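Protein chains in written order, with numbering that gives the first Met the number 0: chain B, 0 to 286; chain E, 0 to 202. Working notes for the structure below.
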Amino acid sequence: MIFLEFRALSTLPERVEEPPQEEPKEVPQRRGPKSTNPILEHRHIYPEFLPDPNPKWRNSLREKMERADMLKRRQQIDIPEFYVGSILAVTIADPHAQGKTNKFVGICIERKGCGLRAEFTLRNVVDHQGLEVRYDLYDPTIDKIQVLRLEKRLDDKLFYLRDALPEYSTFPLDMDPEILPEGTPVPVNPLKVKLKPKPWLERWERQELKGIANIEQYLTTTNRLNRKLRQTPWEKFDLMKQYRKTIPMEEQSDIWSEVNNQLQQLQMARKKMARKRTFTAPKTQLG
Amino acid sequence: MNQADVSKLVSKLRIKVKAEHRNLRNPKGPEGRIDKLRKTVTGLIKFERIEVNYNRGDEARQYAERLISEAIRHGDCHTPTMKMADFWLLEKELVHKLFKVLVPRFENSNVSFTKMYKAPKPQYSRNLEKAVLELRGNPYPDLFTKQPNNRLWIQNVLLEAAKHDYRQSKYAEIAQNMAKNEEPTQVNSEAPKSEIIEDIKTQ
């Protein structure tokens with residue numbers, strides 16, 4: 000083998016050296032958004048794991064301990080994925096009757112707070128009376144959180160349901176859960192609600208809400224003028240305002256890589272439970 | 000207690016950001032503040048080194064950093080980023096500069112895209128802090144020389160001269176002391192010679 004390489008006296012014509020082929024120049028790729036880390040997608044499902052964006056209230060040690068506590072709580076009860084606009088049923092231990100529970104069904108109109116202080120508000124109309132109950136997400140007295148209908152609405156906060164017709168926030172207390180097929184994206188409900196006539200609790204016309212159908216019919220010319228005067232079209236270009244409201248990507252990826260393992264284990268456990276549930280015998284319906 | 004906004008992902012800035020923004024005082028309020036900052040950001044991208052009041056410079060610096068980091072993250076085929084660049088850069092040829100010059104320049108950098116120095120201010124004036132704001136990698140000479148021990152610096156020249164003077168005076172002192180020390184030994188051995196030396200001194 001070695002001799003084959005040294006053919007100094009060979010009569011065979013040597014192969015003509017080909018001019019070195021120009022290597023295809025690396026075409027600069029179109030700069031798209033950099034490939035984002037898939038674990039960053041947790042931020043939509045578990046927004047309370049991210050700390051408060053206000054640096055005055057940051058404390059890395061407390062945040063870390065809270066995250067550990069939240070994961071511990073999540074191992075005790077199943078806290079499902081839900082969004083503002085989803086319909087939930089919450090069972091909570093009754094503080095006045097030992098060993099008994101209360102169940103409330105309603106639409107989630109707000110999610111706020113971070114860490115162990117995360118909370119959500121459910122709204123329903125029972126016996127023509129609007130009811131809102133605020134729950135702490137990690138409250139140890141909560142027995143069960145069940146998502147009856149998983150969907151989003153057009154807005155981030157649904158406080159305008161308070162001034163809308165009661166039919167938009169009325170949900171039967173014995174609603175059956177609707178099961179979405181696995182892997183489908185969370186549906187957005189494009190429902191636009193109709194408001195009751197004034198007086199209202201807030202000036203809804205100034206808030207650029209997408210989920211209200213009939214707001215124009217109640218507005219006076221003064222309302223319209225004031226709305227125009229109060230518009231802040233520059234705010235969507237205020238880069239630092241956006242920056243101060245969020246947690247930067249680098250910090251987020253640190254947090255998510257810290258909790259990713261346990262969150263995935265919890266998700267696996269939930270899937271197993273869901274599969275078990277599908278094989279249970281259907282309820283006999285009376286009547 | 001606020002929940003972090005998760006609708007947008009932003010890259011972390013490599014500069015210090017204050018917890019609250021500064022209201023740059025002006026008759027038009029928040030809109031006027033943004034207008035002021037637009038002018039400064041445009042100037043910074045255009046001239047690459049500007050002198051501004053410290054507060055306004057620091058605010059504009061944050062916006063410029065955010066604009067460049069958005070441009071790096073999304074590139075020029077992303078409509079919202081393009082709109083943002085269009086809003087912040089008042090001269091439209093600077094949009095091309097942002098995406099074609101600054102993005103390649105800063106794409107692989109690990110440090111901030113801008114630098115800010117405190118600038119000297121006139122002695123008798125309103126107490127407005129001045130600052131120099133510049134983009135990194137600009138074509139101008141450095142404000143601070145990288146060689147700290149340049150011999151031709153006026154401070155170093157003066158220090159050298161002072162050292163020289165001090166050394167000379169020390170040598171003279173030592174020479175004097177040596178002469179004095181020699182006196183007593185010479186007095187014991189040869190009296191006439193010391194007299195001669197004293198004569199020379201007196202002369």
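The beta carbon of each residue, even a glycine, is placed where N, CA and C say it ideally should be. Fair warning: this is a prediction, and the values are worked out from it, not measured in the lab.
For B:N222, the nearest beta carbon of chain E is not closer than 8 Å to its own beta carbon. Taken in chain order, the complete alpha helix (DSSP H) segments of 4 residues or longer contained in the region 27-93 of chain B are 41-44 and 59-75. For the 8 Å CB-CB criterion, B:S252 and B:N53 do not form a contact. Between E:F112 and the set E:Q167, E:I67 and E:K17, the nearest pair of CA atoms involves E:I67.
With a contact defined as Cβ atoms closer than 8 Å, E:R55 and E:E133 miss out at about 15 Å. B:Y134 is a Cβ neighbour of B:F119, given a cutoff of 8 Å. Cβ proximity to chain B below 7 Å picks out I33 from the region 32-57 of chain E. Looking only at E:Y62, E:N52 and E:V102, the smallest Cα-Cα distance to E:R72 is reached by E:V102. Taking the Cβ atoms as the reference, B:L194 lies roughly 5 Å from B:D162, within the contact range of under 8 Å.
Taking each of B:Y137, B:K235 and B:T100 in turn and checking the Cα distance to B:K111, the smallest one comes out for B:Y137.
Residue-level contact check: B:E62 does not touch chain E, since none of the beta carbons of chain E fall below 8 Å from its beta carbon. When the alpha-carbon of B:R243 is set against those of B:D142, B:D51, B:I91 and B:R269, the nearest one is in B:D51. Nearest CB-CB separation between E:Q122 and chain B: not below the 8 Å threshold.
Pairwise C-beta distances place the region 146-154 of chain B in contact with the region 203-218 of chain B, as three or more of them are shorter than 8 Å. Judged by DSSP in its simplified three-state form, B:N123 adopts strand.
Put simply, the backbone Cα of E:L157 is about 29 Å away from that of E:A130. Residue-level contact check: B:C107 does not touch chain E, since none of the beta carbons of chain E fall below 8 Å from its beta carbon.
Bridge partners of B:D135 according to DSSP: B:E118.
Following the DSSP letters along the chain, one finds B:G182 in no beta strand (DSSP E), marked with neither H nor E. The region 218-231 of chain B makes no contact with the region 12-28 of chain E: fewer than 3 CB pairs, one atom from each, lie closer than 8 Å. Looking at B:R57, B:V125 and B:E257, the one whose alpha-carbon comes closest to that of B:R66 is B:E257. About 4 Å separates the beta carbon of B:K191 from that of B:A212, a gap short enough to meet the 8 Å contact definition.
Interface with chain B (8 Å Cβ-Cβ cutoff): E:K11 is included. Put simply, of E:L142, E:D141 and E:A160 the residue whose alpha carbon is nearest the alpha carbon of E:R150 is E:A160. Secondary structure at E:M115: strand, using DSSP grouped into helix, strand and coil. By a beta-carbon distance limit of 8 Å, B:V132 contacts B:F103. Their separation comes to about 5 Å. Listed along chain B, the residues sitting closer than 7 Å to E:D4 by beta-carbon distance are K244 and T245. In the DSSP annotation of this structure, the continuous segment of the alpha helix (DSSP H) that includes E:E64 starts and ends at Y53 to H73. DSSP lists E:V51 and E:K117 as the beta-bridge partner residues of E:A130.
For B:R116, the chain E residues whose Cβ falls inside 9 Å of its Cβ are M0, in order along the chain.
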